[in-house]
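Q:
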Amino acid sequence: MPSGNVIRGSRIGSAPERPAERYEPAPRQPVTYWCRNGHATEIRMAVDAEAPSLWDCPRCGLPAGRDAENPPGRTRPEPYKTHLAYVKERRSEEEGEAILAEALAALRRRRGRE
Ligand SMILES: [Zn+2]
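Numbering of the sequence shown is given in our numbering, commencing with residue 185 and proceeding in unit increments.
Written out as structure tokens, the structure is:
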């Protein structure tokens, strides 16, 4: 191993090649979102960007809001239900099938046009 071939910048007391300010990113601010399960998610936003009011919690997928005391969805008394569960509550199986078929047909029509 040749000595004296010191990697630049690693020596004690050597001046940094570039001042730190050079590669500092645009100013950012932490924005914290809270979900109903008490997960806090900190997102770093550019200061000049407008933070969205809702953010999906990366841990449980629930919508998270910026108010820790009042996360979105808390006021809803029912447990989470899928859309299908709601549909089944209101409709009979046959009606559900018909709605599903209709929705699929509409989706296929839309896809065919694109
Ligand atoms: Zn969560």
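We put the CB at the ideal spot given by N, CA and C, even for glycine. In this text the structure is predicted, and so the values were computed from the model without any measurement.
Could you check if HIS267 belongs to the surroundings of ligand 1, using beta carbon to heavy atom distance under 7 angstroms?
A: HIS267: no, Cβ never under 7 angstroms from ligand 1.
Q: Can you tell me which of the three DSSP states VAL215 falls into?
A: The answer is strand: DSSP assigns VAL215 an E or B state.
Q: Quick check on ALA248: buried or exposed, where buried means 16 or more other Cβ atoms within 10 Å of its Cβ?
A: So ALA248 counts as buried.
Q: Under a three-way DSSP split, which group does GLU280 fall into?
A: In the sequence on display, residue 280 carries Gly and not Glu. Three-state DSSP puts GLY280 in a helix.
Q: Can you give me the C-alpha to C-alpha distance between ILE220 and MET229, rounded to a whole angstrom?
A: In the sequence as displayed, the identity of residue 220 is Arg instead of Ile. Each residue's alpha carbon lies about 22 angstroms from the other.
Q: Which stretch, first to last residue, makes up the alpha helix (DSSP H) that contains ALA269?
A: Residues 267-274.
Q: With a threshold of 16 other CB atoms inside 10 Å of the CB of PRO256, please say whether the residue is buried or exposed.
A: By the neighbour-count rule (16 or more Cβ atoms within 10 Å), PRO256 is buried.
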